[in-house]
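Q: In the working numbering, the protein residues as written are 75 to 191.
1. For residue 189, which of 153, 142 and 138 has the nearest alpha-carbon?
2. Taking all protein chains shown into account, decide if residue 94 is buried (16 or more other Cβ within 10 angstroms of its Cβ) or exposed.
3. Touching or not, the stretch 83–91 and the stretch 140–157, by the rule of three or more beta carbon pairs under 8 Å?
4. Roughly how many angstroms lie between the CA atoms of residue 187 and residue 99, to the nearest whole one?
5. Mind checking which residues open and close the alpha helix (DSSP H) that includes residue 87?
Below you can see the structure in the form of structure tokens.
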């Protein structure tokens, strides 16, 4: 049996034009599902399965759980630091959601007001 270590350079994978349209640009809409109002068909050929920011498998990123915990902390701080108010026309936001196999949700427009103190 061979004792060979093989790894994939993630930056090259993420920035390969064979995997992503305009790979060097920050375009978060590339991740939107096809039913979304802001969906852009130029990202149809993107190989989203090649995006593994924490690697994959038993030897994935040692900091993955820390990064996800930090993300939960940041979201919690945002929730506690602001008051949220639904914008006009958003009162029935939960009724407009569709859920069968996938959960389809419209945009939820809210106004954020910093909390005092």
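Glycine included, every Cβ here is placed at the ideal spot set by N, Cα and C.
A: Working from what's here:
1. On the chain shown, position 115 is the one that residue 189 refers to. Cα-wise, what sits closest to residue 189 is 153.
2. Here the question's residue 94 lines up with position 20 in the chain shown. Residue 94 is buried by the Cβ-count criterion.
3. no
4. The residue labelled residue 187 in the question sits at position 113 within the chain shown. The residue labelled residue 99 in the question sits at position 25 within the chain shown. Distance between the alpha carbons of residue 187 and residue 99: 31 Å.
5. As a working note, residue 87 is residue 13 in the chain shown. Residue 87 -> alpha helix (DSSP H) spans 84–88.
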